[in-house]
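A short write-up of the structure that comes next.
Structural data, given as structure tokens:
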């Protein structure tokens, strides 16, 4: 069984998806971590510049993904990505990686490479997957789909708080501008734009706690399994 959670930046997808997967006893597929990993390897192992990240060479992507060099795992309720046997997860949560990933993830070759990894994982486990196109492109036949969102100002505040935890300071206005730019880039990109998947439950969690959001989703998943 596959459950998908899509939505814009700072809507709480990853936090909610991880909790939901844990409560359901499912495998958590954090697709954003895979995109970050691709960007990290392109820069640190292939020497890519910001400009080159916008259009990675197919040969480089093939090399990164061949023979299981890039591997995703979910153990002890924690997602992780390995490259050539090294756990690179600790390097994937920086502001720099966030920017690199945003550049490379718009490229259709990158999305296709990640697509195949996601589909393979979806065939092996009961999965909760979160991202931008998990319900619309990767798992269009998922039994239960969600589109998680919140008011722009609320998401900007959440993003500001996340950055503060990483030791980076922004004004709320700056955060709102950055979040809006990310939204526009995700919504207007040609390949796999951010949309609400057909049949997805739309949840605005502007005024909901994490516990309330997870509980609502869990009820809907259980109902879908029993239908």
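Numbering (the numbering used here), first residue to last: 43 to 269. C-beta atoms are modelled at their ideal positions from N, C-alpha and C, and glycine is treated no differently.
Any chain D beta carbon closer than 7 Å to residue i
i: residue 65; result: No chain D is part of this structure, which consists of one protein chain only.
Euclidean distance between Cα positions of residue i and residue j
i: residue 208; j: residue 269; result: 43 Å
i: residue 65; j: residue 170; result: 11 Å
i: residue 109; j: residue 243; result: 37 Å
i: residue 45; j: residue 186; result: 5 Å
i: residue 105; j: residue 190; result: 35 Å
i: residue 116; j: residue 99; result: 29 Å
i: residue 81; j: residue 133; result: 11 Å
Where residue i falls: helix, strand or coil (DSSP)
i: residue 168; result: coil
i: residue 147; result: coil
i: residue 74; result: helix
i: residue 184; result: coil
i: residue 233; result: coil
i: residue 112; result: strand
Environment of residue i [buried if 16+ CB atoms lie within 10 Å]
i: residue 251; result: exposed
i: residue 48; result: buried
i: residue 119; result: exposed
i: residue 156; result: buried
i: residue 267; result: exposed
Sequence-distant residues of the same chain with beta carbon closer than 6 Å to residue i, five excluded per side
i: residue 90; result: 84
i: residue 217; result: 198, 201 and 202
i: residue 51; result: 221 and 224
i: residue 69; result: 116, 167 and 169
Minimum C-alpha distance to residue i - residue among the options
i: residue 196; options: 157, 216, 249 and 228; result: 249
i: residue 95; options: 164, 43, 152 and 115; result: 152
i: residue 159; options: 137, 263 and 76; result: 76
Same chain only: Cβ atoms within 7 Å of residue i, ignoring 5 sequence neighbours per side
i: residue 212; result: 202 and 205
i: residue 126; result: 111
i: residue 129; result: 122
Proximal residues to residue i (C-beta, below 8 Å), its chain only, five neighbours per side dropped
i: residue 256; result: 58, 61, 62 and 65
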